[in-house]
Amino acid sequence: MRYLVTGGAGFIGSNTVDELVRRGHSVVVLDDLSSGKEDNLAEIRNKITFMKGSITDIEVVRKAMHEAEFVLHLAARTSVPRSVKDPIETNRINIDGTLNVLVAARDAKVKRVVFAASSSAYGETPTLPKVETMPPAPISPYGVTKFVGELYAQTFGRCYGLENVSLRYFNIFGPRQDPGSPYSGVLAKFCMCFLEETQPVMFGDGEQSRDFTFVENAVQANLLACEAPNVSGKTFNVGTGGRFTLNQTVELLAKISGKKLEPKYEPPRDGDIRDSQADITQARAYLGYDPPVSFEEGLARTFDWYRSSQTKPEEKPKE
Ligand code: NAD
Ligand code: UD1
Numbered sequence: 013m014r015y016l017v018t019g020g021a022g023f024i025g026s027n028t029v030d031e032l033v034r035r036g037h038s039v040v041v042l043d044d045l046s047s048g049k050e051d052n053l054a055e056i057r058n059k060i061t062f063m064k065g066s067i068t069d070i071e072v073v074r075k076a077m078h079e080a081e082f083v084l085h086l087a088a089r090t091s092v093p094r095s096v097k098d099p100i101e102t103n104r105i106n107i108d109g110t111l112n113v114l115v116a117a118r119d120a121k122v123k124r125v126v127f128a129a130s131s132s133a134y135g136e137t138p139t140l141p142k143v144e145t146m147p148p149a150p151i152s153p154y155g156v157t158k159f160v161g162e163l164y165a166q167t168f169g170r171c172y173g174l175e176n177v178s179l180r181y182f183n184i185f186g187p188r189q190d191p192g193s194p195y196s197g198v199l200a201k202f203c204m205c206f207l208e209e210t211q212p213v214m215f216g217d218g219e220q221s222r223d224f225t226f227v228e229n230a231v232q233a234n235l236l237a238c239e240a241p242n243v244s245g246k247t248f249n250v251g252t253g254g255r256f257t258l259n260q261t262v263e264l265l266a267k268i269s270g271k272k273l274e275p276k277y278e279p280p281r282d283g284d285i286r287d288s289q290a291d292i293t294q295a296r297a298y299l300g301y302d303p304p305v306s307f308e309e310g311l312a313r314t315f316d317w318y319r320s321s322q323t324k325p326e327e328k329p330k331e
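Throughout, our numbering is defined as the position within the sequence shown, counted from one, plus 12.
Here it is in structure tokens:
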């Protein structure tokens, strides 16, 4: 099968591309490298087609879409606080760019588009865990763009018969998540704090909670969403079904690393959700999704990955 992965040089994208290549599929990656890295594709670079370009340019998207059967649309500006600071640019990439991907997919007659949606669509609805039937109520520009992406995908199903599935990922973490930007995911940053012995910063009291989900689980969901029958037009939660507070993640990292660090508490971030936890009943039932990696195991594996990638090749002990 031929897959187009937008955002395929990013964190979740490159992990997904690895698995597609492992299964023998043909893969085209379209990525503007704004946050992704070609290095993330280094091991499989000669087995895929990489195109550097933006989803905001429809002609570029059309070219990348050539002969694609499945599209995994992951390219986006992913940070909540960055969307609060600059909503127009987040809108341009996440909504206009998604519309380009859908139009090009429709015209290229692809079999299905899988859209990387987000748990941020739920906003502050008080009930936990979050079920797909709850009315969405995003509280950040980013959350709005991700929900609009779902609506557009479904609308392309209705108007043009384009098969589509939206996956609301819940705080994905793991190897290759970039720790180096002020907008990076919290666990990537905390792992680096424990490696470099710098103080983790908590925005708020650290009692906010997330259904932190190891990237292998999201990769499984991505592939199932392409293959599962009778799911077009549906939205599924992709999480583990549990939740951990930030304070608990720091305690766990202390155990994993054998180091004790005192967090620094700062005011909460604008647009921040307090608690997030997925009900994954629907994804289990319709996709056969069964997250293989627990939070604790995923965190230990992630910490090990940052530790080993910190060791530069010339410093690595000879085998
Ligand atoms: P990431 O930043 O590593 O990946 C996004 C990729 O998109 C990057 O490689 C980036 O260079 C690329 N990109 C950005 N703008 C682009 C453009 N205009 N044209 C082409 N490529 C562009 O982040 P990620 O965590 O891997 O996120 C992947 C997707 O999953 C995003 O759509 C994000 O909104 C969604 N998501 C992520 C999480 C999470 O917890 N990581 C949760 C919910 C949803
Ligand atoms: C994350 C994703 C977003 C996704 C959403 C829902 C990233 C960058 N963001 O947003 O794409 O759609 O999950 O799954 O991947 N925090 C600290 N200290 C830090 C950094 C963060 O306390 O140094 C706090 C934040 O204020 C927040 C929590 O940690 O309360 C999680 O933040 P973050 O990792 O940025 O993720 P979300 O905002 O939940």
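Don't be surprised by glycine CBs; every beta carbon is placed ideally from N, CA and C.
Do V126 and A237 count as a contact pair if the criterion is CB distance below 8 Å? Yes, they are a contact pair.
Can you find the residues in the same chain that come closer than 8 Å, C-beta to C-beta, to V72, ignoring five residues on each side of it along the sequence? Excluding sequence neighbours, V72 sits near L42, M63, G65, S66.
Alpha helix (DSSP H) containing D51: first to last residue? Counting along the chain, D51 sits inside no alpha helix (DSSP H), nor does DSSP assign it H or E at all.
Would the beta-carbon of R313 fall within 8 Å of that of Q289? Taking 8 Å as the Cβ cut-off, R313 and Q289 do not qualify as a contacting pair.
How should H85 be labelled, buried or exposed, when 16 other C-beta atoms within 10 angstroms of its C-beta is the threshold for buried? Per the 10 Å Cβ criterion, buried.
Ends of the beta strand (DSSP E) at Y181? From DSSP, the beta strand (DSSP E) with Y181 extends over 176-181.
Drop a sphere of 10 angstroms on the beta-carbon of Y318, count the other beta-carbons inside from all chains shown, and report buried for 16 or more, exposed for fewer. Buried, by the Cβ-count rule.
Buried or exposed for I100, please, with buried defined as at least 16 other CB atoms from any protein chain shown within 10 angstroms of its CB. That one is exposed.
Tell me which same chain residues have a C-beta within less than 8 Å of the C-beta of P325, skipping the five on either side of it? Note that P325 scores a pLDDT of 46, beneath 50, so its modelled location is shaky and nothing firm can be said.
By Cβ distance below 6 Å, which residues in the same chain neighbour S95 in space, the five residues on each side in sequence not counted? Around S95: T102, S152, P153, Y154.
Using three-state DSSP, classify A149 as helix, strand or coil. Correct three-state label for A149: coil.
Kindly list the residues whose CB is nearer than 6 Å to the CB of Q189, restricted to its own chain and excluding five residues on each side of it in sequence; keep chain order. So the list reads F23, G197, A200, once near-sequence residues are dropped.
Alpha helix (DSSP H) segment containing L264, residue limits: Run containing L264: 258-269, per the alpha helix (DSSP H) assignment.
The ligand UD1 heavy atom lying under 7 Å from the CB of Y181: Answer for Y181: yes, Cβ within range of the ligand UD1.
Taking 8 Å as the CB-CB limit, is L53 close to chain D? Among the chains in the structure shown there is no chain D, since it carries only a single protein chain.
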